[in-house]
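Using our numbering, the letters of the sequence shown correspond one by one to residues -19 to 299.
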Amino acid sequence: MQDPEILYMVIPCYNEEAVLDETAKRLKEKYDSLIAQGMISENSRIVFVNDGSKDKTWQIISRLHEEMPTYYSGVNLAHNAGHQNAVLAGLMTVKEHCDMAISMDADLQDDIDAIDEMVERYYEGNQVVYGVRSARDTDTFFKRTTAEGFYKFMKIMGADVVYNHADFRLMSRRVLEELSNFREVNLFLRGMVPLIGFQSCKVYYKRAERFAGESKYPLKRMLSFAINGITSFSTKPLKIITWLGLLMSVISILAFIWAFAVKLFGHSEIGWSSMMCSIWLIGGLQLLALGIIGEYIGKIYAEVKQRPRYIVAEFLNRE
Ligand code: UDP
Ligand code: MG
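Rendered as structure tokens:
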């Protein structure tokens, strides 16, 4: 086998004081075993990205770094930038230091033992290795149905994502370089990475329950994440509006003929109720159409401002 390469594990953390010590401990065990097997270089690191937490998360991270700088590094963001931005911030900060990087959640829901296989697949020549959930029996029924519905809906709406893959993935330095050329502000990493291409594969793992603490993705945030994913990756909703508009036009021509015929045959008392119904229907459709268009205009607005997607306040890393 060739010389072991440098792996950086990037973990976004937002108010994760309850799990951080345990996560750090388990990642360290994995790190040691990977080194013992000669799979990664001793210059590898476990990097925690503090995404503007309000609790002691950053204190824990800097303590870990101080005590064991050859294991742990830390990136401190200046404010809460959101999960996707935090992952990107971490990856972009470490890309010059590593040969490959794995992003994963802090709450131990992503199976740490899948890392071995990911690294093996990397040495086999894969530039991207997607971690894919094989089962969701630990999720609540509600989370499971909404999440699986999310992937199916995304596909129908024209945003092609890897089914049941979230943000647990390995990327090579080459892919990180290419990712840095994507300048969009509305980040949706699981849609962007497949666009980069290169040889890729999937590794299956069982998603565990959150170790401690609470999900930072309540339903409201999940919904807005789904809408963001669709409108960032597909213009299909705009096309659907066009088709709907066309269909409505055809229907109204038919309605016009019908109304005219009724008048011709002398039954000119045209129903008030059907009139009211169509007003409501068309009003609703118009509002929906405007809403969808507005969604895209909002995106353009955010993109043209070209604001930085995150701000790194500190990077604790010992070479
Ligand atoms: N997270 C983050 N910034 C945020 C929200 C979440 O960095 O604004 C991190 C969080 O600490 C965790 C990961 O993103 O490591 C996934 O969040 P969570 O486990 O709450 O989501 P779920 O698994 O419930 O979808
Ligand atoms: Mg989680």
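Even for Gly, the Cβ is constructed at its ideal location relative to N, Cα and C.
Taking its Cβ as the centre, do 16 or more other Cβ atoms sit within 10 Å of residue i, making it buried, or is it exposed?
i: residue 213; result: buried
i: residue 17; result: exposed
i: residue 50; result: exposed
i: residue 320; result: Not covered by the structure: residue 320. The range shown for the chain is -19 to 299.
i: residue 161; result: exposed
i: residue 204; result: exposed
i: residue 120; result: exposed
i: residue -16; result: buried
i: residue 95; result: buried
i: residue 232; result: exposed
i: residue 254; result: exposed
i: residue 48; result: exposed
i: residue 244; result: exposed
i: residue 241; result: exposed
i: residue 62; result: buried
i: residue 129; result: exposed
i: residue 236; result: exposed
i: residue 199; result: exposed
i: residue 246; result: exposed
i: residue 267; result: exposed
i: residue 70; result: buried
Please tell me whether residue i and residue j are closer than 7 angstroms, where the distance is taken between their beta carbons.
i: residue 112; j: residue 182; result: yes
i: residue 188; j: residue 64; result: no
i: residue 107; j: residue 153; result: no
i: residue 309; j: residue 26; result: The requested residue 309 is not part of the displayed model; the chain covers only -19 to 299.
i: residue 134; j: residue 142; result: no
i: residue 98; j: residue 167; result: no
i: residue 10; j: residue 92; result: yes
i: residue 158; j: residue 176; result: yes
i: residue 40; j: residue 30; result: no
i: residue 82; j: residue 172; result: no
i: residue 136; j: residue 78; result: no
i: residue 58; j: residue 291; result: yes
i: residue 75; j: residue 156; result: yes
So residue i and residue j are supposed to be a Cβ contact under 8 angstroms. How far apart are they, rounded?
i: residue 163; j: residue 147; result: Not a contact, Cβ separation roughly 20 angstroms.
i: residue 102; j: residue 72; result: The pair is not a contact, with the Cβ atoms about 19 angstroms apart (cut-off 8 angstroms).
i: residue 222; j: residue 276; result: Actually they do not touch by this definition, with Cβ atoms about 13 angstroms apart.
i: residue 282; j: residue 209; result: Incorrect: roughly 15 angstroms between the Cβ atoms, too far for contact.
i: residue 273; j: residue 228; result: Residue 273 to residue 228, Cβ: 16 angstroms. No contact.
i: residue 230; j: residue 180; result: Contact flag wrong, Cβ pair sits at about 44 angstroms.
i: residue 265; j: residue 234; result: Contact flag wrong, Cβ pair sits at about 16 angstroms.
i: residue 126; j: residue 202; result: 7 angstroms
Once you ignore the five residues that flank residue i on each side, which residues in its own chain have a CB closer than 7 angstroms to its CB?
i: residue 124; result: 116
i: residue 114; result: 184, 185 and 186
i: residue 86; result: -9, -8, -7, -4, -1, 0 and 3
i: residue 288; result: none
i: residue 35; result: -5 and -3
i: residue 122; result: none
i: residue 37; result: -7, -5, -4, -3, 0 and 30
i: residue 15; result: 22
i: residue 84; result: -11, -9, 90 and 148
Near residue i, which residues of its chain fall below 8 angstroms by C-beta distance, leaving aside the five closest residues on each side in sequence?
i: residue 294; result: 54, 55 and 56
i: residue 218; result: 272, 273 and 276
i: residue 131; result: 141, 143 and 144
i: residue 196; result: -6, -5 and 63
Note down, in chain order, each residue of its chain lying with its Cβ closer than 6 angstroms to the Cβ of residue i, except the 5 sequence neighbours on either side.
i: residue 60; result: 31 and 32
i: residue 297; result: 53
i: residue 24; result: -14 and -13
i: residue 269; result: 221
i: residue 28; result: -9, -7, 41 and 54
From the beta carbon of residue i, is the nearest beta carbon of chain B less than 7 angstroms away?
i: residue 179; result: Here there is only one protein chain, and chain B is not present.
message: Any residue with its C-beta under 5 angstroms from a non-hydrogen atom of the ligand UDP counts. Can you list them all in chain order?
response: The set, ordered by position in the chain, is -8, -7, -6, -4, 31, 62, 63, 66, 85, 86, 87, 195, 196 and 197.
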